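Report on the structure given below.
Chains as they are written, first to last, in the numbering used here: chain Z, 1 to 123; chain A, 1001 to 1281.
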């Protein structure tokens, strides 16, 4: 009985695992690629790494100015956002299979993380 | 850019990622003391860097654990509710806490973790599959080391939620993922097999650490000269660590873990008392 319910459980949750893996994998790849570009630009322009990250609002203008620091800041933000996006995909997955308890848990986690993101946006 | 320092920080981070990933930790438990004791990095900057490194380690390592089904996503999301709450509160507190106090708390946490792992080395918890499953957390995975399907149902969930809040608070304050408390708690208290505890924790620490990382970002405590080599080291070390977990028996990891934690814990307590060991800053 328990083996059967485990197996059914595995089939239902398999898409959630797949979407979490995809999000993590692509989050890592994108962040790593941006970081490598940032370091390459820093080396090419002989630009020193900054000792402080820019506020979120200044990252895009820094990139548009061709500053390596802006690209590196973007890589840091990209890796920080990856688990956040993963929580969203897990939430959507639980909702799709009709698991209300764990949809609610995922939503609560997202709200709590939202508070810390808001704190940094309000800087 | 000081290339030698950049490489040293990268190598240390890679080593922390290998060990951390194998044990279901983010590696931050090693990084903060090493960065402050051996590289003279400001404590708050070390915590900020560690939080980003823990996120990186989790992002890289979790895919492997998720694929192996060592990660129990329901358990992770449930415990994460209290853990993330604790982490946000802990991070806000940690930014303002005096360095000496943080060293003492960190040192004690490391000694606790080392002692608990040393005293209770029995990591396998068979037989929990027939117990009640009130929270719908039943899961199983194929253990590649024994080639057996391991089924389990986490127990004492309410206590697990309480410990997760505490682990999250420490995580936010110290820049670690919280796995150092979460793995033993899941394994010994909630009767989750050690590989599932490590896999679930590896996923959770990344989510916990972003609560910390964003608070430290807001407080300008993220230094790219420390974070960037740490991220590169973690990119390399984490994948190796996650793959090794599948082949190495759990008990073989414990002694290595204990030795490193004891040394770092004692070093931090001595530093809080004004004593710096040779080779440290």
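No residue lacks a Cβ here, since even glycine has one placed at the ideal position from N, Cα and C. Quick caveat, the model's predicted, so the values are computed rather than measured.
For residue i, the three-state DSSP class (helix, strand or coil)
i, result
"residue 3 of chain Z", "Unreliable placement is indicated for residue 3 of chain Z, whose pLDDT of 44 sits below 50; the coordinate value is still reported in the next sentence. Looking at residue 3 of chain Z - three-state DSSP - the assignment turns out to be helix."
"residue 1148 of chain A", "strand"
"residue 1103 of chain A", "helix"
"residue 1072 of chain A", "coil"
"residue 1259 of chain A", "helix"
"residue 1139 of chain A", "strand"
"residue 1122 of chain A", "Residue placement at residue 1122 of chain A is flagged as unreliable, the pLDDT there being 48, under the threshold of 50; the coordinate-derived value follows with that caveat. Three-state result, residue 1122 of chain A: coil."
"residue 1273 of chain A", "coil"
"residue 1041 of chain A", "coil"
"residue 8 of chain Z", "Because the pLDDT of residue 8 of chain Z is 46, which lies under 50, any placement of that residue in the model is unreliable, and the question is left without a value."
"residue 62 of chain Z", "helix"
"residue 103 of chain Z", "helix"
"residue 1182 of chain A", "helix"
"residue 1015 of chain A", "helix"
"residue 1190 of chain A", "coil"
"residue 1239 of chain A", "helix"
"residue 97 of chain Z", "coil"
"residue 1008 of chain A", "helix"
"residue 1224 of chain A", "helix"
"residue 21 of chain Z", "helix"
"residue 1080 of chain A", "helix"
Candidates the options: closest to residue i by CA position
i, options, result
"residue 1092 of chain A", "Z/24, Z/11 and Z/120", "Z/120"
"residue 109 of chain Z", "Z/97, Z/26 and Z/88", "Z/88"
"residue 68 of chain Z", "Z/15, Z/37 and Z/122", "Z/37"
"residue 84 of chain Z", "Z/106, Z/59 and Z/40", "Z/106"
"residue 1300 of chain A", "Z/51, Z/56, Z/58 and Z/113", "With chain A represented from 1001 up to 1281, any question about residue 1300 of chain A goes unanswered, as that position is not in the structure."
"residue 35 of chain Z", "A/1227, A/1257 and A/1218", "A/1227"
"residue 1037 of chain A", "A/1215, A/1020, A/1107 and A/1089", "A/1107"
"residue 1265 of chain A", "A/1192, A/1069 and A/1104", "A/1104"
"residue 1150 of chain A", "A/1188, A/1216, A/1162 and A/1068", "A/1068"
"residue 1188 of chain A", "A/1160, A/1142 and A/1178", "A/1160"
"residue 1154 of chain A", "A/1239, A/1225, A/1192 and A/1214", "A/1192"
"residue 16 of chain Z", "A/1009, A/1260, A/1072 and A/1005", "A/1072"
"residue 1002 of chain A", "Z/50, Z/117, Z/54 and Z/29", "Z/50"
"residue 118 of chain Z", "A/1225, A/1040 and A/1216", "A/1216"
"residue 1185 of chain A", "A/1088, A/1062, A/1075 and A/1147", "A/1075"
"residue 1100 of chain A", "A/1048, A/1033, A/1244 and A/1258", "A/1033"
"residue 1261 of chain A", "A/1094, A/1049 and A/1020", "A/1020"
"residue 1086 of chain A", "A/1042, A/1145 and A/1169", "A/1169"
"residue 1141 of chain A", "A/1045, A/1267, A/1065 and A/1224", "A/1065"
Under 9 Å from the C-beta of residue i: neighbouring residues of chain A
i, result
"residue 61 of chain Z", "Chain A residues near residue 61 of chain Z: none, gap ~17 Å exceeds 9 Å."
"residue 101 of chain Z", "1074, 1078, 1135 and 1136"
"residue 16 of chain Z", "1073"
Chain-ordered chain A contacts of residue i [CB-CB under 7 Å]
i, result
"residue 83 of chain Z", "1055, 1058, 1059, 1206, 1207 and 1210"
"residue 89 of chain Z", "Simply none; closest approach about 11 Å."
"residue 57 of chain Z", "Neighbours of residue 57 of chain Z on chain A: none; closest Cβ ~12 Å, over 7 Å."
"residue 27 of chain Z", "1059"
"residue 53 of chain Z", "1217, 1222 and 1224"
Chain Z contact residues for residue i, given Cβ-Cβ distances below 8 Å
i, result
"residue 1052 of chain A", "76, 79 and 80"
"residue 1013 of chain A", "By Cβ distance, chain Z contributes nothing, its closest Cβ being about 13 Å from residue 1013 of chain A, past 8 Å."
"residue 1009 of chain A", "The premise fails here: residue 1009 of chain A is roughly 12 Å from chain Z at the closest Cβ pair, so nothing lies under 8 Å."
"residue 1081 of chain A", "105, 108, 109 and 112"
Contact list for residue i against chain A, beta-carbon separation under 8 Å
i, result
"residue 32 of chain Z", "1235"
"residue 19 of chain Z", "Those within 8 Å of residue 19 of chain Z in chain A number zero; the least Cβ separation is about 10 Å."
"residue 50 of chain Z", "1224 and 1225"
"residue 71 of chain Z", "What residue 71 of chain Z touches in chain A: nothing, since even the nearest Cβ is about 11 Å away."
Proximal chain Z residues relative to residue i, where beta-carbon distance stays under 9 Å
i, result
"residue 1004 of chain A", "Residues of chain Z passing the Cβ test: none, with the nearest at roughly 14 Å."
Chain-ordered chain Z contacts of residue i [CB-CB under 7 Å]
i, result
"residue 1084 of chain A", "109, 112 and 113"
Checklist entry - Counting pairs of beta carbons, one from the segment 1192 to 1212 of chain A and one from the segment 1054 to 1073 of chain A, are three or more of them closer than 8 Å? => result yes
Checklist entry - If we count Cβ pairs, one from each stretch, closer than 8 Å, do we get three or more for the segment 1229 to 1242 of chain A versus the segment 1111 to 1120 of chain A? => result no
Item to check | Residues of the segment 1196 to 1230 of chain A with Cβ closer than 7 Å to any Cβ of chain Z, in chain order | outcome: 1206, 1207, 1210, 1211, 1213, 1214, 1215, 1217, 1218, 1220, 1222, 1223, 1224, 1225, 1227 and 1228
Item to check | At least 3 beta-carbon pairs within less than 8 Å: the segment 14 to 27 of chain Z vs the segment 88 to 103 of chain Z | outcome: yes
Checklist entry - Hey, is the segment 1128 to 1145 of chain A in contact with the segment 1268 to 1277 of chain A, meaning 3+ C-beta pairs nearer than 8 Å? => result no
Checklist entry - Below 8 Å, can you find three or more Cβ-Cβ pairs linking the segment 1131 to 1148 of chain A to the segment 1173 to 1187 of chain A? => result no
Checklist entry - Between the segment 104 to 118 of chain Z and chain A, which residues of the former have CB atoms less than 7 Å from a CB of the latter, in chain order? => result 105, 106, 108, 109, 112, 113, 115, 116 and 117
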